[in-house]
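Asks: First the structure, then my questions, so here it is.
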Amino acid sequence: MSTALIWEPDPLQAAYLVHIFTEAGFTARGFSRYRSFQQALAAYPQAPLLALYALDQELDKGLARCARLRQRYPLLCLILLSRHQDQAHCLAAFAAGADDFLVKPFAPAELLARARAHLQRSAEILAAWRIPAAETLNFGGMSLDLARQEALFQGRRLSLKGHEFELLHCLCQHAGQYLSREQIARRIWDKPLAPGSRKVDNLILRLRKALPPMLQINSAYGKGYQLLNSDNQDNI
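Here the sequence shown is numbered in the numbering used here, starting from 2 and rising by one per residue.
Next comes the structure, spelled out in structure tokens:
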């Protein structure tokens with residue numbers, strides 16, 4: 002199943018795009034905050050991956066961000082969406098590294114067709130390069146070695162025990178996104194939590210103690226837990 006990450010400041014537009022791709026069989030996530038979008042991208046080092054970027058405001062800033070995305074993720078399928086129809090706008094988007102450019106409003110069928118074509122091309126390039134499946138996951142200065150079940154932060158090995166690595170891996174895959182206690186329990190123990198169980202809470206507490214200060218596990222009542230990097234901010 003292909004994944005689509007969508008950055009769209011307008012929540013209604015973001016929800017609409019998520020609906021289009023979910024109905025088409027994609028795993029789709031929408032973001033109204035660019036920082037959360039960045040964190041989600043960092044949790045998917047493998048290709049092919051589709052990213053949609055709304056380029057309606059702050060043109061220069063948006064193009065600079067796109068150029069950085071292209072530099073960091075060469076195989077990322079990057080589609081820019083904009084209300085601007087002038088040719089200069091479109092050419093600037095391609096110069097910044099976009100794979101495609103669509104003017105709003107667009108036909109959902111056309112957007113999906115373009116997305117699938119770019120994902121297919123990316124998959125073919127990946128196969129031709131014979132790049133092995135990713136065995137590491139990087140987030141906020143931390144590198145997870147999935148084969149060795151080890152975590153390094155700025156070159157220093159973190160002391161993780163028991164299910165702490167599994168929990169960290171799970172949170173990194175969904176960085177910036179809240180995971181409920183039930184979701185975490187099913188991921189780690191493959192079964193639902195017993196009524197009144199504190200297993201997840203205790204595991205979160207142990208992992209918090211093992212992480213460096215800039216990597217934070219936030220909690221929100223009714224939502225769950227999310228992993229954030231306090232230093233990962235967009236400075237453009």
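Just so you know, even glycine gets a beta-carbon here, dropped at the ideal spot from N, CA and C.
1) Ile-132 to Asp-146, Cα distance in whole Å?
2) Report the residue from Arg-34, Pro-10, Ala-41, Gln-150 whose alpha carbon sits nearest the alpha carbon of Leu-82.
3) DSSP state of Ser-1, grouped into three classes?
4) Which residue's Cα is closest to the Cα of Leu-159: Gln-14, Ala-195, Arg-207?
5) CB Tyr-54 to CB Ile-21, shorter than 9 Å?
6) Per the DSSP calculation, Ser-220 is bridged to which residue(s)?
7) So which of Asp-87, Ile-126, Leu-60, Leu-51 has the shortest CA-CA distance to Ala-97?
8) Cβ atoms of Leu-228 and His-175: under 9 Å apart, would you say?
9) For Ala-15, does the three-state DSSP call read helix, strand or coil?
10) Given the structure, does Ala-148 come close to the ligand GTP, in the sense that its CB is under 8 Å from one of the ligand's heavy atoms?
11) Do you know whose CA, among Cys-173, Glu-125, Glu-167, lies nearest Gly-142's CA?
12) Take Gly-223 as the anchor and find which of Arg-71, Gly-197, Tyr-179, Ala-186 has the nearest alpha-carbon.
13) Compute the beta-carbon to beta-carbon distance between Ser-37 and Gly-177, rounded to the nearest angstrom, for a pair I have assumed lies under 8 Å.
14) Could you tell me the boundaries of the beta strand (DSSP E) in which Asp-146 lies?
Replies: Per the coordinate set shown:
1) Within the sequence shown, the letter at position 131 stands for residue 132. Within the sequence shown, the letter at position 145 stands for residue 146. In this prediction, Ile-132 scores a pLDDT of 46, lower than 50, which makes its location untrustworthy; the coordinate-derived value is nonetheless stated afterwards. Distance between the alpha carbons of Ile-132 and Asp-146 is about 17 Å.
2) Here the question's residue 82 lines up with position 81 in the sequence shown. Check the Cα spacing between Leu-82 and each of Arg-34, Pro-10, Ala-41, Gln-150: the tightest is with Pro-10.
3) The chain is shown from 2 up to 237; residue 1 falls before or after that span and cannot be answered.
4) If you number the sequence shown from 1, residue 159 lands on position 158. Taking the Cα of Leu-159 as reference, the smallest distance to any Cα among Gln-14, Ala-195, Arg-207 is reached at Arg-207.
5) Walking along the sequence shown from the start, residue 54 turns up at place 53. Walking along the sequence shown from the start, residue 21 turns up at place 20. Ile-21 is positioned such that its CB atom lies no closer than 9 Å to that of Tyr-54.
6) On the sequence shown, position 219 is the one that residue 220 refers to. Looking at the DSSP assignment, Ser-220 forms a beta bridge with Tyr-226.
7) Along the sequence shown, one-based indexing puts residue 97 at 96. Selected option, being the one with the closest Cα: Leu-60.
8) Counting from 1 along the sequence shown, the entry for residue 175 is found at position 174. Counting from 1 along the sequence shown, the entry for residue 228 is found at position 227. Cβ distance < 9 Å, so His-175 and Leu-228 count as in contact.
9) As a position in the sequence shown, residue 15 is number 14, starting the count at 1. Ala-15: helix per DSSP, three-state reduction.
10) With respect to the ligand GTP, the structure offers nothing, as it holds no ligand at all.
11) Reading the sequence shown from its first residue, position 141 is the one you call residue 142. Nearest option by C-alpha distance: Cys-173.
12) As a first step, residue 223 must be located in the sequence shown, where it is residue number 222. It is Tyr-179 whose Cα lies nearest to the Cα of Gly-223.
13) Locating residue 37 in the sequence shown gives position 36, counting from the first residue. Locating residue 177 in the sequence shown gives position 176, counting from the first residue. Taking the Cβ atoms as the reference, Ser-37 lies roughly 4 Å from Gly-177, within the contact range of under 8 Å.
14) Stepping through the sequence shown from its first residue, residue 146 is reached at position 145. Unbroken beta strand (DSSP E) run through Asp-146: 143-146.
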